[in-house]
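Under this note's numbering, the first residue of the sequence shown is numbered 9, with each subsequent residue one higher.
Think of the CB as a built atom: it goes at the ideal place given N, C-alpha and C, for glycine as much as any other residue.
Take a look at the structure set out below.
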Amino acid sequence: MNTVIAFAFRNRFGLWSIRYTGRFWRVALNDQPFGDYISAAGAHEDLVRGYCFTAPGGLDPAECGLPEDLSEWEPVHQR
């Protein structure tokens, strides 16, 4: 089985990720975490709407051009 353990999206601000830690889904920008969620979908929704902690560098994720649909993010599979 090819389990998704993370979703990633790169833009001019860097590499955004929503990664499963074993207990929760962690939102990060360039490997700097700034929020934990119980689901990837919940993390993504809060991230693209700006209902999360401020991203590193004081960025408002809602203003960073992140895709509204999680299917547009690159899935990372467990090996």
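For residue i and residue j, what's the separation of their Cα atoms in angstroms?
i    : j   : result
F21  : D54 : 18 Å
V35  : V84 : 14 Å
N138 : T29 : Outside the shown range of the chain (9 to 87) lies residue 138, about which nothing can therefore be said.
P75  : Q40 : 20 Å
From the DSSP output, read off the bridge partner residues of residue i.
i   : result
P41 : A36
In chain order, what residues of the same chain have a beta carbon less than 6 Å from the beta carbon of residue i, not counting five sequence neighbours either side?
i   : result
Q86 : T11, I13
Cβ of residue i within 8 Å of Cβ of residue j?
i   : j   : result
F42 : T62 : yes
P69 : V56 : yes
Y59 : A51 : no
Residue range of the beta strand (DSSP E) that residue i falls in?
i   : result
G22 : 22–28
E82 : 82–85
Starting from residue i, trace the alpha helix (DSSP H) in both directions and tell me its first and last residue.
i   : result
R18 : From DSSP, R18 is part of no alpha helix (DSSP H) but of the beta strand (DSSP E) over 12–19.
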